[in-house]
Amino acid sequence: MKVVQFTIPVSQEHSIMVQEDKLPHFYNHLHRHNETQLTWIIKGEGTLLAGTCMQRFQSGDVYILGANQPHLFKSDPDYFEKNSQKDIHALTLFVDLRGPFGKILDLPEMNNVKKFMEATSAGLQVPASHQQEISKKMILVKEARNGIRLAFFIQLLQTLSRIKPYKPLSSTQTENAITESEGLRMNDIYQYTMAHYTENITLKQIADVAHLTPQAFCRYFKKHTLKTYVTFLNEVRINEACKKIVGEPFDSLAAVAYQSGFNNAVTFNRVFKKITGQPPKKFLTEYMQKVN
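Going by the working numbering, the residue at position 224 of the sequence shown is 211; the numbering climbs one at a time, nothing skipped.
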């Protein structure tokens, strides 16, 4: 049986680590590492979990994940189907600010970059208008070697530090306090929820997954996510509903509601508006206007 780690070691052969993934799907477990991470999704779709954030990701997206921020790029279910022809492609840069590179940030010329890097602890999403610019600079870093790679990376950080506004991913920076065992437990909770969101998951069922009593589970989940489990479950369901609306032929919004785990359309409409800020009909109308 493969041993799943929560804190994943990253190679320390260079100050700037480059990783290019061409795989059937993204790494399938919640994890963290000491390095700040810059990831460009070249190809792939799914759900991003980063701290208290959960949202869809798609090809072209660029994310900055803070050091030790728990995260998971969860590929859509069809990536895991037998004989699936789908795959993913991503380019990621890692830097440990506690290592030698961190001393570079102490230089007066790097003051703006240092402030920017300190602001990445909760995670950021690069605005769509800057994705192409940043991805090109990431390729330069990937293809360079030694001192030239370092120079290109500093140039990349200078560009990132001038971008405004960013979309913050997480509403809290308390994730660093999560222990190894708690991280593995949270991974089990997330994995079970995303696999069974269409079912009527009872509090006892999910508490059993976490090996806690229902009362202890409620306190535990709220402490580490700043939200109730019901809220998280609804976010998973609405996230899947949005994917069905924009990416798949569907009979009706009511059918989408039932396929996403809701017992009735009224509850679906209410929860959808609460989470997305608009009712599903308006969401569909605006999407159709964008693609037509």
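From the three backbone atoms N, C-alpha and C, an ideal C-beta is built for every residue, glycine too.
In three-state DSSP terms, what is residue i?
i           : result
residue 265 : coil
residue 18  : strand
residue 60  : strand
residue 232 : helix
residue 343 : Residue 343 is absent from the structure shown; the chain starts at -12 and stops at 279.
residue 166 : coil
residue 37  : strand
residue 85  : coil
residue 190 : helix
residue 11  : coil
residue 44  : strand
residue 2   : coil
residue 179 : helix
residue 49  : strand
residue 28  : strand
residue 156 : coil
residue 80  : strand
residue 254 : helix
residue 146 : helix
residue 185 : coil
Going by the beta-carbon positions, is the gap between residue i and residue j smaller than 8 Å?
i           : j           : result
residue 18  : residue 56  : no
residue 225 : residue 258 : yes
residue 347 : residue 53  : Nothing can be reported for residue 347: it is not among the residues displayed for the chain, which extend from -12 to 279.
residue 129 : residue 7   : yes
residue -6  : residue 82  : no
residue 223 : residue 180 : yes
residue 177 : residue 248 : no
residue 214 : residue 39  : yes
residue 84  : residue 2   : no
residue 12  : residue 62  : yes
residue 37  : residue 157 : yes
residue 60  : residue 25  : no
residue 139 : residue 127 : yes
residue 111 : residue 51  : yes
Take residue i and list the residues in its own chain whose beta-carbon comes closer than 6 Å to its own, dropping the five residues that flank it on each side.
i           : result
residue 27  : 49, 78, 122, 125
residue 10  : 75
residue 221 : 258
residue -3  : 4, 20, 22, 81
residue 174 : 16, 17
residue 89  : none
Only counting the same chain, and skipping five residues up and downstream in sequence, which positions put a Cβ closer than 8 Å to that of residue i?
i           : result
residue 114 : 150, 152, 153, 154
residue 263 : 225, 229, 270
Counting only the same chain and skipping the five closest in sequence on each side, list residues whose C-beta sits under 7 Å from that of residue i.
i          : result
residue 93 : none
Does the beta carbon of residue i come closer than 8 Å to any beta carbon on chain C?
i           : result
residue 149 : Protein chains in the displayed structure number just one, and chain C is not present.
I'd like the ranges of any alpha helix (DSSP H) spanning at least 4 consecutive residues and lying wholly in the region 87 to 135.
87 to 91, 98 to 105, 118 to 130
Checklist entry - Touch check for the region 230 to 237 and the region 263 to 279: three-plus C-beta pairs under 8 Å? => result yes
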